[in-house]
Structure formats: C-alpha cells, structure tokens
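To start, the structure under review is shown below, and the notes come after it.
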Amino acid sequence: MSTLVQVKELSKRFGKLVVYEELNFSVQDGEFVSIIGPSGCGKTTLLRILGGLIQPSSGYVQIRERPVKTALAARELGFVFQNPVLLPWRTAEQNVALPLEIVGSKTQASTPRELLKIVGLEGFETALPKELSGGMAQRVAIARALAFKPAILFMDEPFGALDEITRNRMNIELLRIWKEERASISSIIFVTHSIPEAVFMSDRVIVLSTRPTRIEETLTVDLPRPRTASTKNSDRYIKHVEHLRKVIGEY
Amino acid sequence: MLRPESHQPLFKAKSARKGIETIGVPILFSLGIFAVWEMIIMAFNIPAYLLPPPSMIFVEIGTNFGSLMGHMGLTMLEATGGYAMGNAMGFGLAILFAHSKYVEKGLYPYAIALKTTPIIAMAPLLVLWLGTGFESKVATAALICFFPIIVNTVKGLHSVDSDAIDLFRSYRANRFQIFTKLSLPMALPYIFSALKIATGLSVVGAVVGEFVGANEGIGYVILVSSYHLETVTMFAAIIVSAVGGITFFAAISLLEKKIIYWQKGIETA
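In the order they appear, the protein sequences are chains A and B.
Taken in order, the first sequence gives residues 1 to 251; the numbers are from our numbering.
Taken in order, the second sequence gives residues 1 to 269; the numbers are from our numbering.
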C-alpha cells in the first residue's frame with residue numbers, strides 16, 4: 001500500500017482564532033478513513049482543506065505526492081456534502097451530468113444513466129429533485145461525485161440529515177458502491193458525528209479534539225469486510241464504539 | 001430494490017380541480033359582493049353620484065366599451081413599456097451589485113432614496129422633462145418598477161447555498177458558469193416575486209403619470225369624470241383599470257409557473 005493523502009504540519013487560523021495547529025496524518029491507498037470529533041472542532045473545514053477547496057494557513061496537503069490543487073484540476077477528487085445540493089430545475093440525470101457539462105469533457109468514463117444505475121436509481125432519470133426522498137437525493141449526489149471516477153471521495157456528513165433506517169441502508173449501499181467501483185475510487189474520507197457510523201464504515205477513525213484541534217487518537221478498526229448488519233452485533237464492534245465514546249467524552 | 005414510483009401523473013386530476021377553484025371561487029364571491037352592494041343602495045336610497053349601483057356601472061362599461069378599452073389599452077401600453085424598461089434596467093444593475101461590493105455600497109443609498117421618494121412627487125418633473133405624451137408615463141411606470149427588481153435580484157443571487165458554490169468550485173467552474181448554471185436560476189423565484197409585485201405598480205405608475213398631465217388614458221378618464229361628478233364613469237374606469245392590473249398579474253404568474261416548474265410547492269399542470 002502506498003500513501004494517497006499526506007497531511008504535513010497543517011494549520012488553519014481565522015484571524016486570531018486557531019482552528020488547527022500542526023496536524024499530521026496520512027491516508028493509504030484503499031483505506032476508508034472517518035474523521036470524527038465534537039461539533040465546532042472544524043471537521044467540515046478540514047475536509048475542504050484536504051480536498052483543496054480551502055487554503056490552509058500553513059502546512060500542506062499532498063495527493064499522491066503532488067499538491068492537492070493538481071489532483072483537483074485532474075478531476076481526481078469527488079465531493080458529497082450533507083446537503084445533496086441538487087439543482088432543483090434539473091432532473092436526476094441532468095444533475096449527474098452537471099460536472100461533465102461544466103468541464104466539457106469528452107472522455108467521460110460513464111454516462112449519467114450508468115452512474116444512476118450504480119447508485120440504484122434506475123428508472124428515476126427524469127425525476128426532479130422535489131420528487132425524490134432525502135436518501136434518493138443523496139444517491140444522486142453520490143452518482144454525480146462518481147462522474148469523473150475520482151480516486152478519492154470526500155464526504156461531509158453525507159447521511160447526517162437522514163433518518164436512522166435510511167442512514168443504515170445508505171451506509172451499506174455506500175460500502176457496496178465503493179467495493180464495485182474500487183478500480184477507480186481508491187479511498188473514501190468521511191466526516192461524521194456518529195460514532196457507530198464511523199466504526200461501521202471505516203478502516204481507521206481519526207478522532208479530533210475540541211479547539212484548538214489536535215488529533216486525539218487514531219483508531220484502527222480491525223473488523224472484517226464485507227460489513228453487514230450483523231457486524232454491529234460483534235463484540236469487537238461494540239468494544240470500538242464504547243472506546244470511542246470514552247475518548248470523545250460521551251460518558 | 002427501488003421502484004420507479006409514479007412521480008409524474010399523480011397530481012393531474014387534482015390540479016384541474018384546483019384550477020376551477022382558483023378562478024371559480026373568486027368569481028362567485030364577487031357576484032355575492034355586487035349583489036349585496038346593489039341591495040344596500042336600494043335599501044338606503046344612496047344617490048348614484050355618491051355610489052352608483054353595480055348594475056349601472058356594468059351598463060356604463062357595456063355602452064362605452066370601445067372607448068374605455070381604447071383608454072385602458074393605452075395605459076396598459078405605457079405600464080408594460082415602463083415595466084419592461086424598469087425591470088430590465090433594475091435587473092442589469094442588480095447583477096452589477098452582486099458582482100461588485102463597491103458598486104453596491106456606492107449606489108444602494110440612491111436606490112433607497114429613489115424608493116422612498118413618492119412617485120407622485122416626481123411625476124410632475126417627468127412630465128416637465130418628457131412632455132404630456134406617452135414617454136412621461138412610461139418613465140413613471142419604469143421608475144416605480146425599478147426598486148423591487150433590484151432588491152429581489154440581489155437577494156436571490158446571494159441566496160445560493162455555500163455548499164453549491166463549493167461543488168461548482170470543485171469542478172473548477174468559472175464565474176460565468178457559476179452565474180448561468182447556478183446563481184441565476186436560483187434567483188428566479190426571487191426575481192419573479194418582484195416581477196409580480198411590479199405588475200400592479202406599473203399600472204399605478206402609468207395612471208399617476210396620466211393624473212399629472214395627459215389627454216388620454218384610463219387615469220385621464222378617472223380624473224376628468226371626477227371633475228364632472230360622473231361617478232358612474234369613474235367607477236367604470238376604476239373597474240377597467242383593476243381588471244387590467246389583475247390580467248397583467250395573472251399573465252406573469254402563469255409565466256412563473258411555466259418557468260419555475262421545479263420549485264417545491266408549485267404543481268406542474
């Protein structure tokens with residue numbers, strides 16, 4: 001395994017407010033990494049810095065030993081936010097086509113129709129966002145993020161606004177999509193505030209502290225894949241969840 | 001696993017009935033109001049020069065239909081002309097505002113000053129500059145439409161979700177693409193709400209212009225009939241002008257439903 005994302009001495013300040021001071025970590029090829037921490041610790045900002053959408057105050061992020069900007073320009077990064085941000089005047093298919101349209105790329109790997117099929121939305125091509133449920137809207141957002149076959153998928157609390165049943169189903173769906181698209185999507189970096197979700201999904205969980213934010217702990221989740229609903233009954237899963245609760249101070 | 005639910009035809013029958021309701025119910029209510037009005041005048045013997053009965057007004061509209069329509073047609077031409085000009089200019093300025101903080105800061109106070117100055121106070125000036133003809137009425141109508149479109153367009157362009165901007169930036173979209181594919185469509189509901197408000201305002205603007213100096217138009221008819229105490233004619237003209245304004249509003253509302261079909265709460269007919 002080689003290093004996919006390298007974060008070196010990353011700091012971010014907004015005026016006098018120090019958000020992070022010298023964060024160091026890396027993400028390996030093929031890893032699912034969750035970032036978790038108390039609200040207000042800057043998870044969302046961190047994800048946007050990792051994805052090159054926000055500049056750090058100092059330090060740097062490298063993707064495959066190149067600056068993150070280069071990876072962004074090469075369309076190697078895909079994004080899914082908590083709000084699916086579908087354009088309401090476009091059908092599901094047209095929403096998925098948006099990135100291809102903006103770039104004007106002729107070398108598209110899959111058609112929007114195929115991408116919708118990957119996320120289980122065959123037959124919904126002509127549906128408008130107002131006709132989709134929250135889970136379905138987020139599926140469209142995932143399909144759109146897959147348009148360029150990104151090497152890394154950055155996800156910012158993608159299922160945070162969904163009810164628990166839908167969220168659990170979407171967790172399993174995301175793992176299925178990741179497995180099927182492994183040829184292109186190497187890693188997923190996943191911000192969440194749900195400890196069970198982080199443990200269930202990840203190979204590694206990075207726990208952030210309150211501000212000024214440090215890495216409190218990095219937990220390696222040694223649960224076998226594929227993970228299914230029964231994974232949550234295993235002693236090791238429960239032990240990891242309890243451990244993280246202690247670290248974050250839920251008790 | 002997921003089935004294509006019937007997301008298309010579900011509302012067809014419902015919307016047809018709703019259409020009848022939105023037009024039928026107000027008409028029934030108006031008929032009721034006219035009936036009560038008529039009865040009150042008969043019961044209390046109110047003289048026609050104070051408050052004419054609806055029957056007399058409608059006879060008046062019927063007999064002078066051609067002339068009233070001629071005057072109203074002119075007023076509507078002035079109103080719609082001013083409407084088009086005011087909205088086009090306001091929209092252009094709003095885009096400038098949205099893209100330059102300095103222009104917004106510098107010009108916004110003037111926009112507010114324009115808004116708070118009563119249009120009736122400026123109408124004589126416009127007539128002085130542009131004459132008693134068509135142009136001064138177009139100008140008053142344009143002036144009165146100017147403010148709502150600026151405020152709403154700026155608000156609409158700023159209403160774009162920051163996640164959506166991040167998404168477009170992740171595709172490295174340029175400013176023009178962000179504007180045409182994201183901000184402008186997002187602003188459309190705000191823009192249309194200004195366009196709807198401006199329908200009625202533009203008729204007000206044209207009529208005010210006619211009050212100040214004109215020899216034709218529905219405002220002129222209202223003014224002259226008031227001088228001569230021809231209250232029936234005045235009422236006829238008022239009703240005709242109201243119907244003109246309502247028709248204009250309905251036309252823009254219809255356009256809104258066609259263009260913003262995607263908005264939540266708007267049913268596609």
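Each residue gets a CB set at the ideal place from its N, CA and C atoms; glycine is no exception.
- As for any beta strand (DSSP E) of minimum length 3 sitting wholly inside the stretch 87-171 of chain B, there is none.
- Burial check for B:Ser226: the Cβ neighbour count within 10 Å stays below 16, so the residue is exposed.
- With contacts defined by Cβ atoms closer than 8 Å, A:Tyr20 and A:Thr213 form a contacting pair.
- The closest CA to that of A:Leu116, considering only A:Gly104, A:Gln94 and A:Glu131, is found on A:Gln94.
- Cβ-Cβ separation between A:Thr228 and A:Tyr237: approximately 11 Å, too far for a contact (criterion under 8 Å).
- Proximity of the stretch 82-99 of chain A to the stretch 119-136 of chain A meets the contact definition, three or more beta-carbon pairs being nearer than 8 Å.
- When DSSP states are grouped into helix, strand and coil, A:Phe81 belongs to the coil group.
- Every unbroken stretch of the alpha helix (DSSP H) spanning 4 or more residues and falling wholly within the stretch 213-238 of chain B is given here in chain order: 218-227.
- Under DSSP, A:Tyr60 forms a beta bridge with A:Lys8.
- Residues of chain A whose Cβ lies closer than 7 Å to the Cβ of B:Tyr171 are, in chain order, Pro99, Ile102 and Val103.
- The residue among B:Gln263, B:Asn174, B:Gly66 and B:Ile33 with its C-alpha nearest the C-alpha of A:Gly104 is B:Asn174.
- The shortest CA-to-CA distance from B:Ala194 to any of B:Leu28, B:Met72 and B:Glu256 is the one to B:Glu256.
- Taking a beta-carbon distance threshold of 8 Å, A:Gly51 counts as an interface residue toward chain B.
- If you draw a 10 Å sphere on the C-beta of A:Arg225, you find fewer than 16 other C-beta atoms in it, and that means exposed.
- Contact note: B:Lys264 reaches chain A through Pro88 and Lys130, using a C-beta cutoff of 8 Å and chain order.
- Interface with chain A (8 Å Cβ-Cβ cutoff): B:Ala164 is included.
- Neighbours of A:Ala73 across chain B, judged by C-beta separation under 9 Å: Arg172.
- In the displayed model, A:Asn24 falls within a strand according to three-state DSSP.
- Judged by beta-carbon spacing, B:Val203 lies within the 8 Å limit of B:Ala79, meaning their Cβ atoms are closer than that value.
- For the options A:Ile177, A:Trp178 and A:Asp222, the alpha carbon positioned closest to that of A:Val199 is the one of A:Asp222.
- Residues of the same chain with a CB within less than 6 Å of the CB of B:Tyr190, apart from the 5 flanking positions on each side, are Asn152, Lys155 and Gly156 in chain order.
- Under the DSSP definition of a beta bridge, A:Pro67 partners with A:Gln62.
- In this structure, A:Leu121 lies near A:Met136, with their beta-carbon atoms less than 8 Å apart.
- CA-CA distance, A:Glu22 to B:Ser170, rounds to 25 Å.
- Judged by beta-carbon spacing, A:Ile63 lies beyond the 8 Å limit of A:Val191, meaning their Cβ atoms are not closer than that value.
- With a cut-off of 8 Å on Cβ pairs, the stretch 154-166 of chain A is in contact with the stretch 73-89 of chain A, counting three or more such pairs.
- Under the Cβ criterion of 8 Å, B:Pro124 is not counted among the residues facing chain A.
- Closest in C-alpha terms to A:Ala74, from the list A:Gln6, A:Pro99 and A:Ser58, comes A:Pro99.
- According to DSSP, A:Met155 shares a beta bridge with A:Val80 and A:Phe190.
- If the five residues before and after A:Ser202 are omitted, its C-beta is found closer than 8 Å to the C-beta atoms of Phe32, Val33, Ser34, Phe190 and Val221, all from its own chain and listed in chain order.
- Contact annotation for B:Leu167 against chain A: Phe79, Phe81 and Val85 [CB-CB distance below 8 Å, chain order].
- Residue range Phe32 to Ile36 is occupied by the beta strand (DSSP E) that includes A:Ser34.
- In this structure the stretch 204-219 of chain A lies against the stretch 242-249 of chain A, because at least three pairs of beta carbons, one per stretch, are closer than 8 Å.
- Taking the C-beta atoms as reference points, B:Ile165 is found nearer than 8 Å to B:Ile178.
- In this structure, the CA atom of B:Ile46 is about 39 Å from the CA atom of B:Thr116.
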